[in-house]
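Asks:
Numbering (the working numbering), first residue to last: 7 to 128.
1. Could you have a look at residue 31 and say whether DSSP puts it in helix, strand or coil?
2. Just the Cα atoms here: how many angstroms apart are residue 73 and residue 50?
3. Under 9 angstroms, do residue 12 and residue 37 count as touching if we go by C-beta distance?
4. Pick from 25, 78, 21, 48: whose alpha carbon is nearest that of residue 10?
5. With a CB to CB cut of under 7 angstroms and the five nearest residues on each side skipped, what residues in its chain are close to residue 21?
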């Protein structure tokens, strides 16, 4: 089987359900044991990588995150009109790549007028 541990658990649970509905209790139990094995692996990962509340770095991280959230909440949210106005005005490093405007998001009219100028010059 391929996939993440979470996906494999879901696959084994589905296979166990299908086997049980087909009447094969032994195969269903086998699939449930495989799913339980992967669940234990995930639990060990969560225990290993869970933040320790007694670790002083955890408190610093939590305080910084709370400060970030409060700062973000105090800023006004951008409106849809603001985002639409600023969409074409953003300068990125993609402009230097020589990519067509349809890929980098340049307005289509500007690209068409440039092409028509090139054709007129030829």
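Beta carbons: idealized from backbone N, C-alpha and C, even for Gly.
These numbers were taken from a predicted model, which means no experiment stands behind them.
Replies: Checking against the coordinates, here is how it stands:
1. Note: residue 31 maps to helix in three-state DSSP.
2. Straight-line spacing of the CA atoms in residue 73 and residue 50 works out to 31 angstroms.
3. At the C-beta level, residue 12 and residue 37 stay beyond 9 angstroms of one another.
4. Of the candidates 25, 78, 21, 48, the residue whose Cα lies closest to the Cα of residue 10 is 48.
5. Closer than 7 angstroms at Cβ, skipping near neighbours: 37.
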